[in-house]
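Novice: Residue numbers (mature numbering (1 follows the signal peptide of the UniProt record, and there is no 0)): -25 to -1, 1 to 321.
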């Protein structure tokens, strides 16, 4: 594992602007001081090769639900630029070799229904606002490989309890080689689940390699992320008022946690490997929660837990990520993530 740091100043980094074409193609990052906006993690380094989405195909701009549904269908490479607010009448099925990217004016806003990447490969989802999705997850990645979810915003509310909405980014059914980076996820109960059923051990084991880095979680409840049976590398994320349970490794899951920062008086459990699925992470068969096997955790570079608690019941063997990545110094994580996460930054 090679950790690199540039000597450029934070101010120089924060004032640099990227363009949609560079976000899709992920060229050398001109902003690289203490972090990178280029692709890194499992979606970059894996046996199938780096995720490129639709970069080798044509670009089309869409402004309606019908045009968006048509543009993301099939497996031909295509960059689909979304402009304006689009209310989807049903879930959007995103085919392989697609980049679905919000317009440079940061107007792309998807409501009504969420996005599905099912049985696919090589997909980029970038610079999109997705809010108040009641039908299911905002994004579901199922039995798919090489997906990069980057620089998006996910929003709902905490009214109505944990089952009013489902997940914001759920990664399930043996999906693999995923990177979730620079997203702003806020005002939501159950954010990101990796492995959605404790009975799917045979299906999921050996898969579910997911990198989470430089995401900004604020005013959230649980699953930041919660993992079963896989390997998640969780680094340089900012958690503000994560109320109940942020990082949860259960059912023999392995998580490597480093360089994360927790802030806020409402922060609850920052990290747990205890298998209990707490009532706030429903559904549950018992009002006291559901029992699963414990998971595993390893700590890499120092974390700032703030007022959060840590409960590591089992130390695992996921001690180093199998790729190069840029680790932001802990004292700069809050500033860097707040400056860079979400829409309108690329």
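The beta carbon of each residue, even a glycine, is placed where N, CA and C say it ideally should be.
Give the straight-line distance between the Cα atoms of residue 51 and residue 24, rounded to the nearest whole angstrom.
Specialist: The residue labelled residue 51 in the question sits at position 76 within the chain shown. The residue labelled residue 24 in the question sits at position 49 within the chain shown. So the alpha carbons of these two residues sit roughly 18 Å apart.
Novice: Please classify residue 72 as buried or exposed, where buried requires at least 16 other C-beta atoms within 10 Å of its C-beta.
Specialist: Here residue 72 corresponds to residue number 97 of the chain shown, with the count starting at 1. By the 10 Å Cβ count, residue 72 comes out buried.
Novice: Exposed or buried, residue 272, counting other C-beta atoms within 10 Å across all chains shown (16 or more means buried)?
Specialist: Translated into the one-based positions of the chain shown, residue 272 becomes position 297. It counts as buried.
Novice: In the DSSP assignment, find the beta strand (DSSP E) that holds residue 313 and state where it starts and stops.
Specialist: Residue numbering aside, residue 313 sits at position 338 when the chain shown is read from its first letter. Per DSSP, residue 313 belongs to no beta strand (DSSP E); it is in the alpha helix (DSSP H), 308 to 315.
Novice: Is there contact between the region 305 to 314 and the region 236 to 246, where contact requires at least three CB pairs shorter than 8 Å?
Specialist: Judged by Cβ distances under 8 Å, the region 305 to 314 makes contact with the region 236 to 246, as three or more pairs qualify.
Novice: Taking the alpha carbon of residue 34 as the point to measure from, which residue in 191, 78, 62 has its own alpha carbon closest?
Specialist: Locating residue 34 in the chain shown gives position 59, where the first residue counts as 1. Minimum Cα distance to residue 34 is reached at 78.
Novice: Using only the alpha-carbon positions, how far apart do residue 3 and residue 13 sit?
Specialist: Along the chain shown, read from residue 1 onward, the residue named residue 3 stands at position 28. Along the chain shown, read from residue 1 onward, the residue named residue 13 stands at position 38. Any answer about residue 3 is weak, because its pLDDT of 39 lies below 50 and its placement is not dependable; what the coordinates show is given next. The alpha-carbon atoms of residue 3 and residue 13 are separated by roughly 7 Å.
Novice: Closest to residue 289 by CA distance: which of 265, 109, 224, 103 is it?
Specialist: On the chain shown, residue 289 is found 314 positions in, with the first residue counted as 1. Cα-wise, what sits closest to residue 289 is 224.
Novice: For residue 107, list the residues DSSP reports as bridge partners.
Specialist: Against the chain shown, residue 107 aligns to sequence position 132. None; residue 107 has no bridge partner.
Novice: Sorted by chain position, which residues of the same chain lie with C-beta nearer than 7 Å to residue 269's C-beta, five sequence neighbours on each side aside?
Specialist: By 1-based counting over the chain shown, the position of residue 269 is 294. Closer than 7 Å at the Cβ level, and outside the excluded window around residue 269, lie 225, 248, 249, 250, 288, 289.
Novice: At the level of alpha carbons, what is the spacing between residue 16 and residue 123?
Specialist: Walking along the chain shown from the start, residue 16 turns up at place 41. Walking along the chain shown from the start, residue 123 turns up at place 148. Answer to the nearest angstrom: the Cα atoms are 10 Å apart.
Novice: According to the neighbour-count rule (16 or more other Cβ atoms, all chains shown, within 10 Å of its Cβ), is residue 137 buried or exposed?
Specialist: For this step, residue 137 is matched to residue 162 along the chain shown. Residue 137 is buried by the Cβ-count criterion.
Novice: Count Cβ pairs between the region 128 to 146 and the region 157 to 166 that sit closer than 8 Å; are there 3 or more?
Specialist: Output reads yes: the region 157 to 166 touches the region 128 to 146.
Novice: Does the Cβ of residue 41 have 16 or more other Cβ atoms within 10 Å, making it buried, or fewer, making it exposed?
Specialist: Here residue 41 refers to the residue found at position 66 of the chain shown. Per the 10 Å Cβ criterion, exposed.
Novice: If you draw a straight line from the alpha carbon of residue 18 to that of residue 153, how long is it in whole angstroms?
Specialist: By one-based count along the chain shown, residue 18 stands at place 43. By one-based count along the chain shown, residue 153 stands at place 178. Each residue's Cα considered, the two are about 5 Å apart.
Novice: Does DSSP put residue 348 in a helix, in a strand, or in coil?
Specialist: Nothing can be reported for residue 348, as the shown portion of the chain is limited to -25 through 321.
Novice: In angstroms with no decimal places, state the Cα-to-Cα distance between residue 316 and residue 255.
Specialist: In the chain shown, counting from the first residue as 1, residue 316 sits at position 341. In the chain shown, counting from the first residue as 1, residue 255 sits at position 280. Spanning the two alpha carbons is a distance of roughly 26 Å.
Novice: In the DSSP assignment, find the unbroken alpha helix (DSSP H) run with residue 45 in it and report its ends.
Specialist: For the purposes of this step, residue 45 is identified with residue 70 of the chain shown, where counting begins at 1. Segment 40 to 46, the alpha helix (DSSP H) holding residue 45.
Novice: When the Cα of residue 210 is compared with those of 267, 150, 220, 279, which residue comes out closest?
Specialist: Residue numbering aside, residue 210 sits at position 235 when the chain shown is read from its first letter. Out of 267, 150, 220, 279, 279 has the C-alpha closest to the C-alpha of residue 210.
Novice: Using the DSSP secondary-structure output, state which residues sit across from residue 220 in a beta bridge.
Specialist: Counted from its first residue, the chain shown places residue 220 at position 245. Bridge partners of residue 220: 244.
Novice: For the beta strand (DSSP E) that contains residue 24, what are its first and last residues?
Specialist: Reading the chain shown from its first residue, position 49 is the one you call residue 24. Per DSSP, residue 24 belongs to no beta strand (DSSP E) and is neither H nor E.
Novice: Between which residues of its own chain and residue 244 is the CB-CB distance below 6 Å, once the five residues before and five after are set aside?
Specialist: Indexing the chain shown from 1 puts residue 244 at position 269. The answer, listed in chain order, is 220, 284.
Novice: How is residue 383 classed by DSSP in three states: helix, strand or coil?
Specialist: No answer is possible for residue 383: it lies beyond the span of the chain, which begins at -25 and ends at 321.
Novice: Which residues bound the beta strand (DSSP E) around residue 152?
Specialist: If you number the chain shown from 1, residue 152 lands on position 177. Counting along the chain, the beta strand (DSSP E) containing residue 152 begins and ends at 151 to 156.
Novice: Assuming contact is defined by CB atoms lying nearer than 8 Å, are residue 48 and residue 55 in contact in what I supplied?
Specialist: The residue you call residue 48 lines up with position 73 of the chain shown. The residue you call residue 55 lines up with position 80 of the chain shown. Result no, Cβ atoms of residue 48 and residue 55 do not sit closer than 8 Å.
Novice: Here's a check: name, in chain order, each residue in its chain whose Cβ is nearer than 7 Å to the Cβ of residue 27, leaving out the five neighbours to either side.
Specialist: Counted from its first residue, the chain shown places residue 27 at position 52. Only 97 meet the Cβ criterion.
Novice: Identify whether residue 211 lies in helix, strand or coil by the three-state DSSP scheme.
Specialist: Here residue 211 corresponds to residue number 236 of the chain shown, with the count starting at 1. Note: residue 211 maps to coil in three-state DSSP.
Novice: Quick one: what's got a C-beta closer than 8 Å to residue 277's C-beta in the same chain, skipping five residues either side?
Specialist: Working through the chain shown from its first residue, we reach residue 277 at position 302. Counting only Cβ-Cβ distances below 8 Å, and skipping sequence neighbours, we find 233, 234, 305.
Novice: Does DSSP put residue 285 in a helix, in a strand, or in coil?
Specialist: As a position in the chain shown, residue 285 is number 310, starting the count at 1. Strand, per DSSP.
Novice: Rounded to a whole number of angstroms, what is the C-alpha to C-alpha distance between residue 59 and residue 36?
Specialist: Here residue 59 corresponds to residue number 84 of the chain shown, with the count starting at 1. Here residue 36 corresponds to residue number 61 of the chain shown, with the count starting at 1. Spanning the two alpha carbons is a distance of roughly 10 Å.
Novice: Just the C-alpha distance for residue 352 and residue 229, rounded to the nearest angstrom, thanks.
Specialist: With the chain covering only -25 through 321, there is no way to say anything about residue 352.
Novice: Looking at the strands, I want to know which residues DSSP matches up with residue 12.
Specialist: On the chain shown, position 37 is the one that residue 12 refers to. DSSP output for residue 12 lists no bridge partner at all.
Novice: At 3 residues or longer, and completely inside the region 120 to 152: list those beta strand (DSSP E) runs for me, N to C.
Specialist: Counting whole runs of 3 or more residues, the region 120 to 152 contains the beta strand (DSSP E) stretches 120 to 125, 128 to 130, 144 to 147.
Novice: Looking only at its own chain, which residues have a Cβ that is under 7 Å from the Cβ of residue 291, when we skip the five neighbours before and after it?
Specialist: Sequence index remark: in the chain shown, residue 291 carries index 316 (1-based). Correct list, in chain order: 229, 271, 272, 273.
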